[in-house]
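Working notes, beginning with the structure itself.
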Amino acid sequence: MNLGEKIKAYFQEAEIYQTQGLLVESLEKFRIIEGLIKSSQNIRNRDGLLEKLSVRIESLKKTIQRLDGSNKPPEASPDAQSLMKEMYSFDDPAAKGSASLGGAIALAKFGQYDKAIEEFNRLLDQDALRLDAAKNILWCWLEQNYADYAVSLYQKWRKAGMFPPSEISVIQNYFNDLIKLKGLNLELEIDGLESQQTVEPDSELDEDELLDINSTRFALPRGSREGEKIEMEVSFQSGQYIRMIIPRKEKELIESIKPGDLFKDMVFYSSMAIFSGEGYVSSRSEISAGPKKGDTSLEIKIIKVVS
Amino acid sequence: MAVINLKNRQIECKIVYYGPGRSGKTTNLDYIHKAFKKQVVGKMISIDTEGDRTLFFDFLPLGLGKIKGCDVKVQLYTVPGQVKYKATRQLVLKGVDGVVFVADSLAVRREKNMISLKDLHENLLQMGLSIRKIPLVLQYNKRDLEQKGLPIMSIEKMEYELNRQLKVPFFSASALSGDGVGATLQQVLKLTLQSLQKEFNWAQ
C-alpha cells in the first residue's frame, strides 16, 4: 500500500468511527494521518491538507470535551422520572419501607435534583420520614454545589424549630460529615452558639460586572400560581441586589415568594442585553411609610449569571 | 426481580442490555421496537443527549402473551455505556432477571468490551448476583463493518476474550439492520424464563 492509499484508508476509518460516535478513535486516526502527511514532503497541496486536518482535529477535540465535560444531568421527562422512581425498591433499607422516600432517593441518584427536592419537601410533613427527607434535601443541594444555600436552609429549619433537638442534632452531624467529605470550609455554628444571621449564598459576580437591570422574570415557587413565570420591574439596584415592589393587593403573589427562595432560572432585562442567571430572595418586607406604604418590598441577590 | 403472581398467572421480568458505550444497545431496542410492534405494550422511553448517547436508560415494555398458561410481560432496559455513568448502571441493573451483553466487534473497542464486562461482573456482585448464574447472552455486534473495510475482531477472538470462562450463548449481529437482534432476544428470554421456572415453578 503506498502512502496515498494508506492515508485514504485511515481517512475512511476515521470518518466511519466519527459516524459511529467513536470520537476518540476517530481523533486518533486523524492524528495518524496528520503525522504521515507531516513526515512526507512529496504530497501535493501538503500545507492545505494539513490546515484542513487541523481544523477537523480541533473540532473533534471540542466535541469530545463538550460531551465529556458536562456533569450536570438534564431534567428528564415526567414519564422517565416516574420510571426512575420505580427503580428504587421500597424493600431497600434506605427507603425505610416507603415507596415515596425510595422514589425520591432514586430521582436524586439520577441527578434529578429539583424533582427529588420537591418530593423530599412533601415528606417533611411525615413524622416517620422527615429526618431522612431533610438529610436528603441537604445532600441534593450540596451535590449541585449550592453549599451556602444548604447551610442557610439548615439554619432556617433550626430557627423555625422544625425539628426537635434530638433530630436537629442528627441532621447537624450528618451535614457536618457531608461538608467534610466535600472538603468544604463552612461553619454551621459559631463558638458553639447558633449563628443569629442566616448565611446568604455568595455571589459569583463582581458588583461592577452587572448592568443596570430594568426588570426580571422568574417562575413562582409555590401557591396556586406555582410555575407561572412573572416579570417584575426593578425599582432599585445596588450591586448584586435588586429590589421590586409588589402592590399590597397582590396578596397571593406576596405569599408565594419567601426569603430564602432560590430561583435557578431567572431572566434579567437591561437596556443593553438580556441575560439569564440565578438569584436568592434575601428579604421581603412591608413598606411602612411613604407613598408605597402597605406594599411589599422584595429584594433578590443575583448570585450567578449563566448567559 | 421478577414479579410473579401465580394466582393470576402473570409474570413480569426485567432484561438489561449492557455493554460499552456506542456498542449498539439502544440500536437493539430501536430495532425491537420497530420490528416487534405487536408485542410492544407501552411507550418506548429513551433518554439521550447530544450525539445520541444514552444518558440514563432506554426502556421498552413487551407483552409476550400466554406462555405455558402464564401471561408474560418483559421490560427491556439499556444502560448508558460511558464509564462515568457507573452509578446509573447500578441503579438500572436493580431487579434484573436476564442480561444481554452487547459487545462491539470493532478491533479498536477490544479493551472497552473487557472493561464493560468486568463492570457488569462487579455490579452484579454488589447486588449479590453472580455473572455465572444470571441468564446471560453475548451479542457480537457491528459484524457488517467488516464489509466497509474496518478492522473487526473474529468471532473466535471475541469468544476467547469474553466468553471462554462464562461459556454462555452468543450471537453475531448487526443491530442497525436487525441481523441477530431477534435471535438474541429470543435466547435471553428463554434462559430467563427457564431460570424463573426453576425458582418459582410458574409453568403449568
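Quick note, the sequences are listed as chains W and X, same order. Each step along the first sequence adds one to the number in this note's numbering, with nothing skipped, and position 140 is 140. Count along the second sequence from 1, add 1000, and you get the number used in this note's numbering. We put the CB at the ideal spot given by N, CA and C, even for glycine.
Which of helix, strand or coil DSSP assigns to residue i
| i | result |
| --- | --- |
| Lys304(W) | strand |
| Ala134(W) | helix |
| Asn42(W) | coil |
| Asn1028(X) | helix |
| Ser1023(X) | coil |
| Met1158(X) | helix |
| Gln112(W) | coil |
| Gln1010(X) | strand |
| Ile1047(X) | strand |
| Pro1061(X) | strand |
| Arg217(W) | strand |
| Phe1036(X) | coil |
| Lys1167(X) | coil |
| Arg1053(X) | strand |
| Asp68(W) | helix |
| Val1100(X) | strand |
| Asp229(W) | It should be pointed out that residue 229(W) corresponds to Lys in this sequence rather than to Asp. Here Lys229(W) sits in strand by DSSP. |
| Glu299(W) | strand |
| Tyr154(W) | helix |
| Tyr10(W) | helix |
| Asn1005(X) | strand |
| Gln1139(X) | strand |
| Ile254(W) | helix |
| Lys85(W) | helix |
| Ile1134(X) | coil |
| Lys292(W) | coil |
| Leu50(W) | helix |
Own chain, CB closer than 7 Å to residue i, minus 5 neighbours either side, in chain order
| i | result |
| --- | --- |
| Ile105(W) | Tyr88, Ala94, Ala95, Asn136 |
| Gly1042(X) | Pro1061 |
| Gly277(W) | Met266, Phe268, Ile302, Lys304, Val305, Val306 |
| Phe120(W) | Ala104, Ala133, Asn136, Ile137 |
| Arg222(W) | Ser256 |
| His1121(X) | Ile1131 |
| Gly1180(X) | Gln1139, Phe1171, Ser1172, Ala1173, Ser1174 |
| Gly1063(X) | Gln1039, Val1041, Lys1073 |
Residue closest to residue i, alpha-carbon to alpha-carbon, out of the options
| i | options | result |
| --- | --- | --- |
| Leu178(W) | Asn145(W), Lys159(W), Leu210(W) | Asn145(W) |
| Ile1011(X) | Phe1101(X), Ala1173(X), Cys1070(X), Val1092(X) | Cys1070(X) |
| Asn1141(X) | Ser1116(X), Phe1171(X), Gln1186(X) | Phe1171(X) |
| Arg1009(X) | Gly1021(X), Phe1036(X), Lys1068(X) | Lys1068(X) |
| Arg243(W) | Asn176(W), Lys251(W), Lys85(W), Ser285(W) | Ser285(W) |
| Met232(W) | Ser215(W), Lys61(W), Gln20(W) | Ser215(W) |
| Val1206(X) | Ile1134(X), Ala1107(X), Gly1095(X), Val1083(X) | Only positions 1001 to 1204 of chain X appear in this structure, which leaves residue 1206(X) out of reach. |
| Val1016(X) | Tyr1077(X), Lys1037(X), Ala1175(X), Asp1144(X) | Tyr1077(X) |
| Gln1165(X) | Arg1132(X), Ser1105(X), Phe1036(X), Ala1175(X) | Arg1132(X) |
| Lys1025(X) | Leu1125(X), Asn1005(X), Gln1082(X) | Gln1082(X) |
| Thr1027(X) | Gln1039(X), Val1079(X), Ile1004(X) | Val1079(X) |
| Ala116(W) | Phe30(W), Arg158(W), Glu75(W) | Glu75(W) |
| Phe163(W) | Asp125(W), Ile33(W), Lys182(W) | Asp125(W) |
| Glu13(W) | Glu226(W), Lys29(W), Glu252(W), Glu5(W) | Lys29(W) |
| Pro1169(X) | Trp1202(X), Gly1128(X), Gln1186(X), Leu1093(X) | Gln1186(X) |
Residues near residue i by beta carbon distance below 8 Å, same chain, minus five either side
| i | result |
| --- | --- |
| Lys292(W) | Ile245 |
| Gly260(W) | Ser152, Leu153, Lys156, Thr198, Tyr280, Val281 |
| Ile37(W) | Ile7, Ile43, Arg46, Leu49, Leu50, Leu53 |
| Val234(W) | Ile213, Asn214, Ser215, Thr216, Ile242, Arg243, Met244 |
CB contact below 8 Å: residue i versus chain B
| i | result |
| --- | --- |
| Ile32(W) | This model lacks chain B altogether; the protein chains it does include are W and X. |
Continuous beta strand (DSSP E) stretch holding residue i: start and end
| i | result |
| --- | --- |
| Met1114(X) | From DSSP, Met1114(X) is part of no beta strand (DSSP E) but of the alpha helix (DSSP H) over 1110-1126. |
| Met244(W) | 241-246 |
| Ser276(W) | 274-286 |
| Gln1075(X) | 1070-1078 |
| Asp265(W) | 262-270 |
| Gln237(W) | 236-238 |
Limits of the unbroken alpha helix (DSSP H) element including residue i
| i | result |
| --- | --- |
| Glu1092(X) | It should be noted that the sequence gives Val, not Glu, for residue 1092(X). Residues 1086-1093. |
| Phe175(W) | 165-181 |
| Ser1195(X) | 1181-1200 |
| Gln1147(X) | No alpha helix (DSSP H) contains Gln1147(X), which DSSP labels as neither H nor E. |
| Leu1176(X) | Segment: none, Leu1176(X) is in no alpha helix (DSSP H) and carries neither H nor E. |
Beta-carbon proximity list for residue i, same chain, < 6 Å, skipping 5 on both sides
| i | result |
| --- | --- |
| Lys264(W) | Glu278 |
| Asp1097(X) | Ala1002, Cys1013, Lys1014, Thr1192 |
| Ile1045(X) | Phe1059 |
| Asp1030(X) | none |
| Gln1090(X) | Asn1123 |
| Lys61(W) | none |
| Asp295(W) | Ile245, Pro247, Arg248, Ile287 |
Heavy atom of the ligand NAP within 7 Å of residue i beta-carbon
| i | result |
| --- | --- |
| Leu1145(X) | No copy of the ligand NAP appears in this structure; indeed no ligand is present at all. |
Residues of the stretch 89-112 of chain W whose Cβ lies closer than 8 Å to any Cβ of chain X, in chain order: Ser89, Ala106, Lys109, Phe110
Counting only Cβ-Cβ distances shorter than 9 Å, please list the residues of the stretch 1128-1150 of chain X near chain W, keeping chain order. Only those residues of the stretch 1128-1150 of chain X whose C-beta falls short of 9 Å from the nearest C-beta of chain W are listed: Lys1142, Leu1145, Lys1148, Gly1149, Leu1150.
Please list the residues of the stretch 11-27 of chain W that have a C-beta atom closer than 7 Å to any C-beta atom in chain X, keeping them in chain order. Gln12, Glu13, Ile16, Gln20, Gly21, Leu22, Glu25
Under 7 Å (Cβ pairs) to chain W, residues found in the stretch 1005-1032 of chain X: Arg1022
Taking a Cβ distance cut-off of 7 Å, strictly less, list which residues of the stretch 1078-1090 of chain X are near chain W, in chain order. Ala1087, Thr1088
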